[in-house]
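See structure below.
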Amino acid sequence: MCLSCISAADDNNLSTEHKVISNDNSIISDVNTNTKQVNNDIYIEDSQKTENYDYTSSIKNDKTSDDDINPTTADTTTQNASKTIEKDENNLKENDSPDVIYISNKGNDNNIGSRNNPMKTIKNALKKANNYDILYLTSGTYLEHGILINKNITIVGENPKTTIINAQNKHLFTIASNVRVSIKTLAIKNAFDENGGAIYNKGDLSIKHLRIYSNEAKNGGAIYNKGKLYMFKTLFTVNTAKYGSCIYNLNSLEANKCVFATNNAVQFAAIYSNAYMNLLSCNFTDNTNSSVFIEKSTKKSIIDSCLFENSKAVHGAAIYNKESPLEVKNTYFEKNIASNYGGAIYTTGTTTVNNSKFVNNKAGDGGAIASKNILTVTSTSFDGNKATNEGGAIYNSYDLSVKNSSFENNNAINGAAISSTSNVNKNLNIDSSRFLLNKAQLHGSAVYVTNKNQLVLKNSLISYNTNRSVYVRCDNGISNTIYNCNFTKNLGDTGSAIFNHKSVLSITKSTITKNNNTVKGAIYNNHGKTTINYCIIGENNKIDVSNYNGSVNADYNWWLKNSVNAQNANGFKINNWVYFKLDNQNYDVNKASTITARLNQVYNGQSFSNIDASKLPEITIDITVNGAGVSQSTEKTVHNGVLSTSVTFTKDGSATISAYTYNCKLTEDVSLKSSLINSKITSYFVQIGYSITRSIVNTWINVGITDVYVQTRVSTGDTANLRNVAALCKNTPIRVHAWVICFSGDDVSTSRQNEIRSFVRNVIKINGVNGVCLDYVRYSGLRPSIVNPSIITNFVKSVNTIIKDYDKNIQLSACVFAEKAGTKTYYGQDYLELSKYLDVMLPMIYKYEYNAGRSWLQSNTEYVVSHAKYCKVVSVLQSYDDNLNRLSKAELEGDAKAVMAGGSYGYSIFRYGLISSYPRSAINLS
Numbered sequence: 073m074c075l076s077c078i079s080a081a082d083d084n085n086l087s088t089e090h091k092v093i094s095n096d097n098s099i100i101s102d103v104n105t106n107t108k109q110v111n112n113d114i115y116i117e118d119s120q121k122t123e124n125y126d127y128t129s130s131i132k133n134d135k136t137s138d139d140d141i142n143p144t145t146a147d148t149t150t151q152n153a154s155k156t157i158e159k160d161e162n163n164l165k166e167n168d169s170p171d172v173i174y175i176s177n178k179g180n181d182n183n184i185g186s187r188n189n190p191m192k193t194i195k196n197a198l199k200k201a202n203n204y205d206i207l208y209l210t211s212g213t214y215l216e217h218g219i220l221i222n223k224n225i226t227i228v229g230e231n232p233k234t235t236i237i238n239a240q241n242k243h244l245f246t247i248a249s250n251v252r253v254s255i256k257t258l259a260i261k262n263a264f265d266e267n268g269g270a271i272y273n274k275g276d277l278s279i280k281h282l283r284i285y286s287n288e289a290k291n292g293g294a295i296y297n298k299g300k301l302y303m304f305k306t307l308f309t310v311n312t313a314k315y316g317s318c319i320y321n322l323n324s325l326e327a328n329k330c331v332f333a334t335n336n337a338v339q340f341a342a343i344y345s346n347a348y349m350n351l352l353s354c355n356f357t358d359n360t361n362s363s364v365f366i367e368k369s370t371k372k373s374i375i376d377s378c379l380f381e382n383s384k385a386v387h388g389a390a391i392y393n394k395e396s397p398l399e400v401k402n403t404y405f406e407k408n409i410a411s412n413y414g415g416a417i418y419t420t421g422t423t424t425v426n427n428s429k430f431v432n433n434k435a436g437d438g439g440a441i442a443s444k445n446i447l448t449v450t451s452t453s454f455d456g457n458k459a460t461n462e463g464g465a466i467y468n469s470y471d472l473s474v475k476n477s478s479f480e481n482n483n484a485i486n487g488a489a490i491s492s493t494s495n496v497n498k499n500l501n502i503d504s505s506r507f508l509l510n511k512a513q514l515h516g517s518a519v520y521v522t523n524k525n526q527l528v529l530k531n532s533l534i535s536y537n538t539n540r541s542v543y544v545r546c547d548n549g550i551s552n553t554i555y556n557c558n559f560t561k562n563l564g565d566t567g568s569a570i571f572n573h574k575s576v577l578s579i580t581k582s583t584i585t586k587n588n589n590t591v592k593g594a595i596y597n598n599h600g601k602t603t604i605n606y607c608i609i610g611e612n613n614k615i616d617v618s619n620y621n622g623s624v625n626a627d628y629n630w631w632l633k634n635s636v637n638a639q640n641a642n643g644f645k646i647n648n649w650v651y652f653k654l655d656n657q658n659y660d661v662n663k664a665s666t667i668t669a670r671l672n673q674v675y676n677g678q679s680f681s682n683i684d685a686s687k688l689p690e691i692t693i694d695i696t697v698n699g700a701g702v703s704q705s706t707e708k709t710v711h712n713g714v715l716s717t718s719v720t721f722t723k724d725g726s727a728t729i730s731a732y733t734y735n736c737k738l739t740e741d742v743s744l745k746s747s748l749i750n751s752k753i754t755s756y757f758v759q760i761g762y763s764i765t766r767s768i769v770n771t772w773i774n775v776g777i778t779d780v781y782v783q784t785r786v787s788t789g790d791t792a793n794l795r796n797v798a799a800l801c802k803n804t805p806i807r808v809h810a811w812v813i814c815f816s817g818d819d820v821s822t823s824r825q826n827e828i829r830s831f832v833r834n835v836i837k838i839n840g841v842n843g844v845c846l847d848y849v850r851y852s853g854l855r856p857s858i859v860n861p862s863i864i865t866n867f868v869k870s871v872n873t874i875i876k877d878y879d880k881n882i883q884l885s886a887c888v889f890a891e892k893a894g895t896k897t898y899y900g901q902d903y904l905e906l907s908k909y910l911d912v913m914l915p916m917i918y919k920y921e922y923n924a925g926r927s928w929l930q931s932n933t934e935y936v937v938s939h940a941k942y943c944k945v946v947s948v949l950q951s952y953d954d955n956l957n958r959l960s961k962a963e964l965e966g967d968a969k970a971v972m973a974g975g976s977y978g979y980s981i982f983r984y985g986l987i988s989s990y991p992r993s994a995i996n997l998s
């Protein structure tokens, strides 16, 4: 279209759909607003400290329709502008302020330039004007060109829709050096020149509320700037140039709330700049060959709270930054298309992008951004961007840092969200970001990193992506890291979450679950070296981790279960895996206990060892308790793999304790009975042949003995010594127990059981008897094939019933072997089952008989304690060696400390009469 073909009548037909995002979060469709709106906006700008303003909400989220905009009229603008000028005239007379010269296309240059006697042309009015005078143009079309402004002057139009300067395809204004010029509320069109079709500025120029359209030049279709240029609420449209269809900037440019729409640059950009530039709240729409081109500027350009949409170019349809420092923030990019690099931004200079949005941009490489220099992206979202080759959102070939950003629904062949490559050592750092629903045709739907780039990916979510979400193909010697990330529900053939191709990769503290693989391996190692430690891995179909001709170390991970198999590992072996456990514990009625579930141990198939579980991802554990007067649930996300909760059972009976963490549940049934023992036990076994006197009992009291087991004889009914000791200990702190020898050899017959039960019924009625201790309640150990543990357990249960039915305060204890699992196999003594019916279990920890040391005393005690969950355990110590030499007090005390360290609730001595001197009581040894 010929520039002169747009007449004044066409002004009202200029598009009103272009949007500017203002500081006050309003979207302005046209720079022609009424005076009230303009004044309010200026007032906000002057009074509001923009550095404290939160621009986040001003990023465009949806498009504003014409219905959302208050239409304004030229009459209102004219009336208010006239009042302003009239007020200025009065002030001029009173204060010797600048003169106002009125200009009208119906005036005469011979007039004085008053409102009633206006001049006709701007050029002649300028000749009349002095420094700082105001030229006021009433509505009309002015056919002017070739105007030199060499004075400090202000030119004000009545209304930008009706006050029009038509330059008739010639140059309009040249602003000389060292002058300050302000041009407001008018339109400029049909200007043409080599540099700056409408304006060539060498001075200090401010333009506000202008409509600048249909101008043309080689450089700067509208404005060629070699001075300082400030623009506010100005519309640039249908301007043309080879470089800078609107503005060619060589010095300093600041623009606020301006619109650049449908401008055409033959080579580069609506704005071409190689100097300082600051764009705030501007709108760039439908521009050809980039909206902004920055070339080799030494000063940083700032683009803040702007909108770029529907622009086209070979590189960087919105912004092409060539070897210049650039900061972009709070800015929205939508539907910009580049045929080669960077649909929205192409940069070869150091660039930062903060708090911005990129939506549905497209390019060959880098649908949103293509960078070949240092790029830093923070708090920015990328949605629906597409590359026909690599980098649906970002294509990078230098150092790239991404933080607190999100990537959703981006597409490319490789690197649907981010593609990063370099031929020299560079870094790709991604922190606290989110990758969702991105799709790569081949590799790296979230991240594609190759050659000499080094990847550090941490604290990020990678979910619902398609095809090898993170693909690493880096040179040998480059160590790549994935730390504290969550990979879930990604899709692919192999390596749907992570694919390592011939690279060195470390994965720690990450969660890899529910990924869908059509072939195998949520994590796939192909000729690479992959280390996976302290991760949560599981519920991935077609194998969790697969290795092909490489090396994989996948120890110290939680696989969502307490075993590992071929589903977890293919092509390598898992040696140690995290194990979920409930601590063994004894529970008493009306006494606070602690229940602990833990994921801080690893198991190698034979033994456990502790790990630092804080290296694992945080995990939620739930402990639920129901029964015995308790109904409670404790759920917490823990950082050290351990959850403990306090519980106090208030009733006798059974209870169920459940510990649950994702995909794994442990359940323990416990029986609760009121404890008769509230302090640590120090006890002695007394054989029939020993005569006990009052003096001996007094000594027992003084040394802190709490219990004595006095031997009786079932076959003869001999209870004489028991009765004597019971009488002597009455009204003392010492509890007296009937020590009952049960079975001989393997005779566990019903008749023998009945004989013992009958004896127990009688012995518990003896005055002063506080308990019954069953000894030899076992098989001989010589014929394991006949051993039936349930016979022993049921017998003890029946004795418990007899005693508790008579007096629930009478204790039942039993001596057991301390041969760990062999105790049940050879002797029929099941620690767990017996503990349900005993108040005290007495494992015979005889170190000389077993030719063992104190570590054996402790470990065997620990074993019994861990299995006898429902009663107290008190280890029985030998008081003599193999030659019946009495052990010293010091040795006995050392042995007692060892078993108590293993969990024994005190200690017992076998036997009275074979001691050199009494060791200190359990309470005093604690």
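Just so we're on the same page, our numbering is the position in the sequence shown counted from 1, plus 72. Cβ atoms here follow ideal geometry from the backbone N, Cα and C, with glycine treated the same way.
Contact belief for residue i with residue j at Cβ below 8 Å, rounded distance in angstroms
i    : j    : result
I485 : I466 : That belief does not hold up - the Cβ atoms of I485 and I466 are roughly 15 Å apart, past 8 Å.
A669 : A731 : 4 Å
P991 : L964 : 4 Å
I608 : A569 : That pair is no contact at about 12 Å.
R958 : S988 : 4 Å
Cβ-based neighbour list, residue i, same chain, cut-off 7 Å, excluding 5 preceding and 5 following
i    : result
N796 : I764
H711 : S686, E690
N222 : A248, V251
I917 : A890, L929, N932, T933, S947, V948, L949, V971
Bridge partners - residue i, DSSP secondary structure assignment
i    : result
S48  : Nothing can be reported for residue 48, as the shown portion of the chain is limited to 73 through 998.
W649 : N629, Y675
Y392 : F365, Y418
P915 : V888
E266 : BP columns for E266 are empty, so no partner.
N698 : S703, T728
G212 : T235
R670 : K653, V714
K27  : Because the chain is modelled from 73 through 998, residue 27 falls outside the range shown and cannot be assessed.
C736 : T733
R992 : R992 pairs with nothing; no bridge assigned.
CB contact below 8 Å: residue i versus chain B
i    : result
A792 : Structure shown: chain B not included; a single protein chain is present.
Contacts around residue i, its chain only, beta-carbon distance under 6 Å, and the 5 residues preceding and following it disregarded
i    : result
L500 : L472, S492, V521, N525, L527
S254 : T226, S278
V24  : A question about residue 24 goes unanswered here, because the residues of the chain that appear run from 73 up to 998.
N382 : T357, D358, K407
Y272 : T246, Y296
T560 : S535, T585, K586
V859 : Y851, G900
K511 : N483, A488, S517, T538
S993 : T754, G776
8 Å Cβ shell around residue i - same chain, five flanking residues per side excluded
i    : result
V844 : H809, A810, V812, V832, V835, I836, V871, I875, I882, Q883, L884, S885
S362 : A337, F340, A341, A342, S383, A385, H387, G388, A389, A390, I391, Y392
Exercise. In chain order, which continuous runs of the alpha helix (DSSP H) of length 4 or greater are located wholly inside the segment 792-830?
Worked result: Runs of the alpha helix (DSSP H) inside the segment 792-830: 792-801.
Exercise. For the 8 Å Cβ check, are there 3 or more pairs between the segment 197-211 and the segment 172-179?
Worked result: Touching, yes.
Exercise. What beta strand (DSSP E) runs, 3 residues minimum, are completely inside the segment 486-573?
Worked result: Those beta strand (DSSP E) runs which fall completely within the segment 486-573 and span 3+ residues are 490-503, 506-508, 511-515, 519-530, 533-535, 542-546, 551-555, 558-560, 563-566, 570-573.
For this session: Count the C-beta pairs between the segment 636-645 and the segment 717-732 that are closer than 8 Å, then say yes if the count reaches three, no if not.
Result: As far as the Cβ criterion goes, the segment 636-645 does not touch the segment 717-732, which means the pair count is below three.
For this session: Inspect the CB distances between the segment 765-772 and the segment 808-824 and report whether three or more fall short of 8 Å.
Result: No, they do not touch.
Problem set entry | 3-residue-minimum beta strand (DSSP E) runs that sit fully inside the segment 905-976, ordered along the chain | When DSSP assignments are scanned along the segment 905-976, the uninterrupted stretches of beta strand (DSSP E) that are 3 or more residues long and fall wholly within it turn out to be 912-917, 947-950.
For this session: Kindly confirm or deny that the segment 643-663 and the segment 965-973 touch, where touching means at least three C-beta pairs closer than 8 Å.
Result: No, because fewer than three Cβ pairs between the segment 643-663 and the segment 965-973 fall closer than 8 Å, the two stretches do not touch.
For this session: Mind the definition here: the segment 669-678 touches the segment 939-951 only if three or more C-beta pairs lie below 8 Å; say whether that holds.
Result: Contact fails: fewer than three Cβ-Cβ distances are below 8 Å.
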